[in-house]
Amino acid sequence: MRSRHARNTSCDQLRRFGRCARAGVVLGLLSCAGAAVAQPPPLPPPPVPPQNPITEPKRVLGKLLFWEEQLSSDDTVACGTCHRPGRGGADHRLAVHPGPDGQFQTPDDIFGSFGVVRRGPDGQPINDPIFGFNRQVTPRAAQNMLQGLWAPSLFWDGRAGPAFINPQTGQVSIPQGGGLEAQSVAPILNTVEMAHDGRTWNDVIAKLQSVTPMALATNLPPDMAAALVANPTYPQLFAAAFGNPAITAERIAFALATYERTLAPNQTPFDLGTLTPLQQQGLNVFLAPQSQCAACHTPPLLTGNGFRNIGLRPIAEDIGRQAVTGNPQDAGRFKVPGLRNVGLKRTFMHNGRKGSLEQVLDFYLGINGQIQFPQNQDPLIPQIAIPPQARPALIEFLRNGLTDPRVAAETFPFDRPRLRSEQVGDIDGDGDVDQSDLGALLAAFGSCEGDAAYDAQADFDQSGCVDQSDLGQLLSNFGA
Numbered sequence: 060m061r062s063r064h065a066r067n068t069s070c071d072q073l074r075r076f077g078r079c080a081r082a083g084v085v086l087g088l089l090s091c092a093g094a095a096v097a098q099p100p101p102l103p104p105p106p107v108p109p110q111n112p113i114t115e116p117k118r119v120l121g122k123l124l125f126w127e128e129q130l131s132s133d134d135t136v137a138c139g140t141c142h143r144p145g146r147g148g149a150d151h152r153l154a155v156h157p158g159p160d161g162q163f164q165t166p167d168d169i170f171g172s173f174g175v176v177r178r179g180p181d182g183q184p185i186n187d188p189i190f191g192f193n194r195q196v197t198p199r200a201a202q203n204m205l206q207g208l209w210a211p212s213l214f215w216d217g218r219a220g221p222a223f224i225n226p227q228t229g230q231v232s233i234p235q236g237g238g239l240e241a242q243s244v245a246p247i248l249n250t251v252e253m254a255h256d257g258r259t260w261n262d263v264i265a266k267l268q269s270v271t272p273m274a275l276a277t278n279l280p281p282d283m284a285a286a287l288v289a290n291p292t293y294p295q296l297f298a299a300a301f302g303n304p305a306i307t308a309e310r311i312a313f314a315l316a317t318y319e320r321t322l323a324p325n326q327t328p329f330d331l332g333t334l335t336p337l338q339q340q341g342l343n344v345f346l347a348p349q350s351q352c353a354a355c356h357t358p359p360l361l362t363g364n365g366f367r368n369i370g371l372r373p374i375a376e377d378i379g380r381q382a383v384t385g386n387p388q389d390a391g392r393f394k395v396p397g398l399r400n401v402g403l404k405r406t407f408m409h410n411g412r413k414g415s416l417e418q419v420l421d422f423y424l425g426i427n428g429q430i431q432f433p434q435n436q437d438p439l440i441p442q443i444a445i446p447p448q449a450r451p452a453l454i455e456f457l458r459n460g461l462t463d464p465r466v467a468a469e470t471f472p473f474d475r476p477r478l479r480s481e482q483v484g485d486i487d488g489d490g491d492v493d494q495s496d497l498g499a500l501l502a503a504f505g506s507c508e509g510d511a512a513y514d515a516q517a518d519f520d521q522s523g524c525v526d527q528s529d530l531g532q533l534l535s536n537f538g539a
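Numbering (our numbering), first residue to last: 60 to 539.
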């Protein structure tokens with residue numbers, strides 16, 4: 060049973076948003092779509108730690124680093140490779156991880172993100188026991204990076220933040236409010252995501268000192284292009300941002316976090332008071348106590364930044380937050396994601412296994428073959444009640460009412476360059492469409508999403524299968 064405090068909180072939210080005074084039945088909410096609606100409270104400004112104030116040179120440097128494929132060991136992965144604004148700040152590619160059982164095409168498979176081919180300290184490929192000489196895949200789905208601005212801790216298990224500890228010195232750089240800084244440096248040395256085995260910060264720094272910034276990218280946005288005209292090397296860019304040319308892990312983190320703090324998706328129809336009647340009906344349903352949506356995804360952030368076990372998979376597969384806290388009560392709990400721009404995403408949940416908002420809703424309602432696992436499940440989940448008549452409006456609110464058009468169109472400040480890895484046909488990301496790419500496509504030819512042989516990098520038209528269309532596109536660019 061829900062607590063009196065929880066019931067009062069939901070009712071207060073309904074009153075704040077000018078919804079129907081009586082919300083006892085969700086169907087009743089649909090009849091009040093034409094009621095006058097108060098403007099929702101605006102998003103608060105992202106908190107900025109005093110140790111890392113926002114400056115324009117630092118923001119632009121962070122933007123360059125975020126989209127810099129050369130930040131990875133093998134020049135194939137940038138932060139933005141897995142976190143595209145137009146894809147809801149997440150990854151649209153379907154990369155299969157076999158899950159804890161190590162077997163593909165079993166129920167515990169995960170749709171994660173492509174990382175790097177495993178390599179030794181000498182840069183030579185290593186035959187990985189799971190992925191062989193193919194790209195490795197992360198064991199969790201990429202999160203929406205566009206709402207990390209307000210989060211005290213980041214990653215699905217919350218292991219980054221609130222403090223930021225300088226990874227080179229071990230000293231505390233930011234005691235509170237440093238979640239973005241802490242998260243930003245983790246993938247750079249991660250041997251699945253961006254690094255060869257044994258990579259150090261000295262390796263990263265030496266590389267940035269020697270490469271030409273954004274040499275692998277094209278179609279740079281105006282602010283990035285202008286910054287490179289004024290300061291064409293990374294030491295010069297760091298000098299512009301920090302006063303001297305020293306490149307350090309802390310400064311990399313400060314720049315990346317500064318850029319991310321400027322990406323506030325605050326111009327959705329929900330924010331601007333321009334919801335359509337159907338979207339407004341969906342918001343009514345969202346705020347209704349029976350739906351439980353706002354209990355976890357609380358407006359205006361549309362997340363409580365807490366951790367919940369929704370019963371998605373057995374706890375034994377991934378203990379989630381418990382791995383960080385050691386608390387058995389946190390077993391199977393994962394960070395509640397923000398819902399802004401959720402309609403732009405292709406996969407959902409920490410394992411990426413829900414392929415649409417409709418599937419997500421089916422899961423919460425336990426219908427259409429969707430299964431919940433009750434061990435340590437949050438008691439709110441079984442209480443969710445959304446009648447069939449209310450679901451289309453709720454889906455419309457989530458899909459379009461929470462989408463910032465600047466994010467969807469990737470316009471400033473969400474604009475970006477074109478990465479080398481996006482070149483059609485360049486499967487291995489080496490800048491050329493050649494025999495190795497043809498071999499990779501043929502190895503995946505005939506496979507579809509969920510198959511062990513499927514390679515999303517070879518599925519150029521994103522049809523879900525590597526087929527004749529993809530082969531034709533590669534051959535049209537062969538030799539480029």
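From the three backbone atoms N, C-alpha and C, an ideal C-beta is built for every residue, glycine too.
Please read all numbers here as calculations on a predicted model, not as lab measurements.
Original post:
Just how far apart, CA to CA, sit residue 526 and residue 202?
Top reply: C-alpha of residue 526 to C-alpha of residue 202: approximately 29 Å in a straight line.
Subject >> Same chain only: Cβ atoms within 6 Å of residue 193, ignoring 5 sequence neighbours per side >> reply: The beta carbon of residue 193 sits closer than 6 Å to none of the beta carbons in its chain outside the five residues before and after it.
**OP:** Assign residue 475 to one of two classes, buried (16 or more other C-beta atoms within 10 Å of its C-beta) or exposed (fewer than that).
**Re:** Counting C-beta atoms within 10 angstroms of its own C-beta, residue 475 has 16 or more neighbours from the protein chains shown and is therefore classed as buried.
Original post:
Is it buried or exposed for residue 426, if we count other Cβ within 10 angstroms and need 16 for buried?
Top reply: By the neighbour-count rule (16 or more Cβ atoms within 10 Å), residue 426 is not buried but exposed.
**OP:** Use the C-beta contact count for residue 115: other C-beta atoms within 10 angstroms, 16 or more gives buried, fewer gives exposed.
**Re:** Exposed, because fewer than 16 other Cβ atoms sit within 10 Å of the Cβ of residue 115.
**OP:** Just confirm the distance between the C-beta atoms of residue 409 and residue 209, as a whole number of angstroms; I'd bet it's less than 8 Å.
**Re:** Here residue 409 is actually not in contact with residue 209; their C-beta atoms are around 19 Å apart, not less than 8 Å.
**OP:** Classify residue 256 as buried or exposed, calling it buried when 16 or more other Cβ atoms lie within 10 Å of its own Cβ.
**Re:** The residue is exposed, with fewer than 16 neighbouring Cβ atoms inside 10 Å.
Subject >> residue 233 - containing beta strand (DSSP E), residue span >> reply: Residues 231-233.
Original post:
What three-state label does DSSP hand residue 137 in the structure shown?
Top reply: When secondary structure is reduced to three states using DSSP, residue 137 falls in the coil class, being assigned neither helix nor strand.
Original post:
Based on the DSSP secondary-structure assignment, which residues constitute the bridge partners of residue 507?
Top reply: 524, per the DSSP bridge assignment.
Original post:
Taking the runs of the alpha helix (DSSP H) that are 4 residues or longer, which of them lie wholly in the stretch 237-279?
Top reply: Counting whole runs of 4 or more residues, the stretch 237-279 contains the alpha helix (DSSP H) stretches 238-244, 260-269.
Subject >> CB-CB length for residue 157 against residue 150, believed under 8 Å >> reply: Approximately 18 Å separates the beta-carbon atoms of residue 157 and residue 150; this is outside 8 Å, ruling out the contact.
Original post:
Nearest CA to the CA of residue 242: which residue from 285, 221, 430?
Top reply: Cα-wise, what sits closest to residue 242 is 221.
**OP:** Provide the residue span of the alpha helix (DSSP H) that contains residue 185, from first to last.
**Re:** No alpha helix (DSSP H) contains residue 185, which DSSP labels as neither H nor E.
Original post:
Can you name the start and end residues of the beta strand (DSSP E) that residue 170 belongs to?
Top reply: Element bounds for residue 170: 169-171.
**OP:** Answer yes or no: the CB of residue 497 versus the heavy atoms of the ligand COA, is any distance below 7 Å?
**Re:** This structure lacks the ligand COA; in fact it carries no ligand of any kind.
Subject >> As assigned by DSSP and simplified to three states, the class of residue 152 >> reply: Judged by DSSP in its simplified three-state form, residue 152 adopts coil rather than helix or strand.
Original post:
If you drop the 5 nearest sequence neighbours on each side, which residues of the same chain put their C-beta closer than 7 Å to that of residue 124?
Top reply: If the five residues before and after residue 124 are omitted, its C-beta is found closer than 7 Å to the C-beta atoms of 130, 311, 314, 315, all from its own chain and listed in chain order.
Subject >> DSSP beta-bridge partners of residue 224 >> reply: BP columns for residue 224 point to 231.
**OP:** Pull up the CB-CB distance for residue 412 and residue 173, whole angstroms please, since I reckon it's below 8 Å.
**Re:** Contact between residue 412 and residue 173 is ruled out by a C-beta separation of about 17 Å, above the 8 Å threshold.
**OP:** Reducing DSSP to helix, strand and coil, say where residue 482 ends up.
**Re:** In the displayed model, residue 482 falls within coil according to three-state DSSP, outside both helix and strand.
Original post:
Using the C-alpha atoms, what's the distance from residue 349 back to residue 277?
Top reply: Roughly 49 Å between the two C-alpha positions.
Original post:
Under 8 Å between the Cβ atoms of residue 492 and residue 461?
Top reply: Not in contact: residue 492 and residue 461 (Cβ atoms no closer than 8 Å).
Original post:
Helix, strand or coil for residue 102 per DSSP?
Top reply: Assignment of residue 102 by DSSP, reduced to helix, strand and coil, places it in the coil class.
Original post:
Quick one: what's got a C-beta closer than 7 Å to residue 279's C-beta in the same chain, skipping five residues either side?
Top reply: Closer than 7 Å at Cβ, skipping near neighbours: 273, 476.
Original post:
Roughly how many whole angstroms lie between the Cα atoms of residue 553 and residue 217?
Top reply: Residue coverage of the chain in this structure runs from 60 to 539, which leaves residue 553 outside it and unanswerable.
Original post:
By the 10 Å Cβ neighbour count, where 16 or more other Cβ atoms means buried, how is residue 108 classified, buried or exposed?
Top reply: The residue is buried, with at least 16 neighbouring Cβ atoms inside 10 Å.
Original post:
Taking the C-alpha atoms as reference points, what is the distance between residue 370 and residue 398?
Top reply: Spanning the two alpha carbons is a distance of roughly 19 Å.
Subject >> Rounded separation between residue 439 and residue 297 - CA only >> reply: Between the alpha carbons of residue 439 and residue 297 lies a gap of roughly 48 Å.
**OP:** Determine the contact status of residue 368 and residue 392, defining contact as a CB-CB distance below 8 Å.
**Re:** Yes, these two residues count as a Cβ contact at 8 Å.
Original post:
Excluding five sequence neighbours on each side, which residues of the same chain lie with their C-beta closer than 8 Å to the C-beta of residue 245?
Top reply: Hits under 8 Å: 214, 219.
Subject >> Euclidean distance between Cα positions of residue 200 and residue 327 >> reply: When rounded, the distance between both Cα atoms is 24 Å.
Original post:
For residue 471, does the count of other Cβ atoms within 10 angstroms reach 16, so buried, or fall short, so exposed?
Top reply: Residue 471 is exposed by the Cβ-count criterion.
**OP:** Assign residue 191 to buried or exposed, taking buried as 16 or more other Cβ atoms, counted over all protein chains shown, within 10 Å of its Cβ.
**Re:** Exposed: under 16 other Cβ atoms inside 10 Å.
Original post:
Is it buried or exposed for residue 189, if we count other Cβ within 10 angstroms and need 16 for buried?
Top reply: Residue 189 sits exposed, since fewer than 16 C-beta atoms from the chains shown fall within 10 Å of its C-beta.
Original post:
In this structure, does DSSP put residue 196 in helix, strand or coil?
Top reply: The three-state reading of DSSP puts residue 196 in strand, counting E and B together.
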